[in-house]
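Chemist: Attaching a single structure in structure tokens format; questions to follow.
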Amino acid sequence: MIKVAARRHVPMLQRNINQRTPIMTLAGKTAVITGSNSGIGLAIARELANEGVNVVLNSFTDRTEDHALAAGIATEFGVEAKYVSADMSKGDDCRRLIADAGACDILINNAGIQHVAPIEDFPAAKWDAIIAINMSSAYHTTAAALPVMRAAGWGRVINIASAHGLRASPFKAAYVTAKHGVVGMTKVVGLETAKEPITANAICPGYVLTPLVEGQIPATAKEYGISEDEAIEKVILAKQPSKEFVTVEQLGGIVMFLCSDAAAQITGTSISADGGWTSQ
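When the letters of the sequence shown are read in order and numbered with the working numbering, they come out as residues 171 to 450.
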């Protein structure tokens with residue numbers, strides 16, 4: 171039997187390990203989160219702030235409580251936080267949000283609305299609004315943020331899509347179309363930034379337990395004449411095999427992972443958080 175000498179790569183491998191770049195910290199970076207004065211967006215902002223990330227909250231309102239919310243995060247977590255009012259249905263507002271943020275290392279495109287109707291009865295105005303807020307806003311903010319990230323030498327674009335970006339449901343034509351579009355755009359941005367220290371990914375959650383959803387549970391139970399537990403399992407979570415809601419804290423954790431060094435080679439893809447929905 172002929173023996174072939176093994177190549178001696180171990181010393182070089184050991185040298186590379188010893189010279190590994192120190193783990194990056196997110197402290198001091200700035201995250202812009204659209205649609206973040208409640209629900210998923212606010213939970214993500216809090217998760218980032220807990221890691222020392224400065225945050226820019228956003229919605230279309232400009233109330234005292236909106237600015238107080240940002241001030242509260244700044245006090246609680248010892249970071250810089252501000253609220254910028256910008257209407258995500260308007261391209262100019264989307265781009266102004268990035269300019270007014272002052273910095274944008276992490277962009278979380280989260281803003282979204284919903285309307286349910288058969289396609290022949292779907293109001294054109296609702297269609298236009300959903301496409302604008304759920305999809306086109308992500309294009310405008312990303313286009314404005316990428317030059318800022320390139321100048322800083324690092325960036326993360328994270329789009330909050332949906333299981334409906336991978337699957338369809340009846341009566342949700344605009345929402346399904348928009349979320350599929352967001353997933354597609356995520357792939358394009360991932361490819362366009364593949365050789366840079368910038369990544370772009372989409373998170374596709376199933377049904378998330380937000381205050382809005384919580385408020386719908388009693389009405390759903392009443393409509394079907396069943397208990398609230400049955401309404402959750404048989405109606406609201408009918409497509410979610412785990413029969414458990416996704417939590418906003420879980421989504422915040424996925425965001426933190428995608429911002430970490432461990433996810434540096436994860437780009438242009440979608441991460442499902444849907445209790446098995448898209449496995450079917």
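Glycine is no exception: its CB is placed at the ideal position from the N, C-alpha and C atoms.
1) Touching or not, the region 283-303 and the region 316-329, by the rule of three or more beta carbon pairs under 8 Å?
2) For ALA308 versus VAL352, is the C-beta spacing smaller than 8 Å?
3) With burial defined as no fewer than 16 other Cβ atoms inside 10 Å of the residue's Cβ, what is the status of GLN450: buried or exposed?
4) Identify whether PRO155 lies in helix, strand or coil by the three-state DSSP scheme.
5) Is the region 366-376 touching the region 425-439, taking contact as three or more C-beta pairs under 8 Å?
6) With contact counted as at least three CB pairs below 8 Å, one residue from each stretch, are the region 272-280 and the region 232-247 in contact?
7) Can you tell me the Cα-Cα spacing of CYS429 and THR204, whole angstroms?
8) Tell me, please, which residues DSSP counts as bridged to TYR309.
9) With burial defined as no fewer than 16 other Cβ atoms inside 10 Å of the residue's Cβ, what is the status of TYR394: buried or exposed?
10) Could you work out which residue in GLU400, TYR377, VAL378 is closest to PRO388 when comparing CA atoms only?
11) With LEU218 and ALA201 assumed to form a contact (beta carbons below 8 Å), what rounded beta-carbon distance in angstroms separates them?
12) Taking its Cβ as the centre, do 16 or more other Cβ atoms sit within 10 Å of ALA256, making it buried, or is it exposed?
13) Identify whether SER208 lies in helix, strand or coil by the three-state DSSP scheme.
14) Helix, strand or coil for LEU277 per DSSP?
15) What residue ranges within the region 379-444 form continuous alpha helix (DSSP H) runs of no fewer than 4 residues, ordered along the chain?
16) Should VAL358 go down as buried or exposed, given a rule of 16 or more other Cβ atoms within 10 Å for buried?
17) Looking only at C-alpha atoms, which of ALA333, PRO340, SER412, ALA269 sits nearest to THR312?
Modeler: The answer reads as follows:
1) no
2) The count along the sequence shown starts at 1 and reaches residue 308 at position 138. The count along the sequence shown starts at 1 and reaches residue 352 at position 182. Yes; because the gap between Cβ atoms is below 8 Å, this pair is in contact.
3) Residue mapping note: residue 450 aligns to position 280 of the sequence shown, counting from 1. Counting Cβ neighbours within 10 Å, GLN450 comes out exposed, since fewer than 16 surround it.
4) Here the chain has residues from 171 to 450 only, and residue 155 is not among them.
5) yes
6) no
7) On the sequence shown, position 259 is the one that residue 429 refers to. On the sequence shown, position 34 is the one that residue 204 refers to. If I take the Cα positions, the gap works out to 17 Å.
8) For the purposes of this step, residue 309 is taken as the residue at position 139 of the sequence shown. Bridge partners of TYR309: none, in fact.
9) Start at 1 with the first residue of the sequence shown, and residue 394 comes out as number 224. Exposed: under 16 other Cβ atoms inside 10 Å.
10) As a working mapping, residue 388 is identified with position 218 in the sequence shown. Ranking GLU400, TYR377, VAL378 by Cα distance to PRO388 puts GLU400 first.
11) One-based indexing of the sequence shown puts residue 218 at position 48. One-based indexing of the sequence shown puts residue 201 at position 31. Correct: roughly 5 Å between the Cβ atoms.
12) Taking the sequence shown and counting its residues from 1, the one referred to as residue 256 is at position 86. Burial call: buried.
13) As a working note, residue 208 is residue 38 in the sequence shown. Three-state DSSP puts SER208 in coil, outside helix and strand.
14) Sequence index remark: in the sequence shown, residue 277 carries index 107 (1-based). Note: LEU277 maps to strand in three-state DSSP.
15) 381-394, 418-429
16) Within the sequence shown, residue 358 is the residue found at index 188, counting from 1. Flag for VAL358 reads exposed.
17) In the sequence shown, residue 312 corresponds to position 142, counting from 1. Answer by Cα proximity: ALA269.
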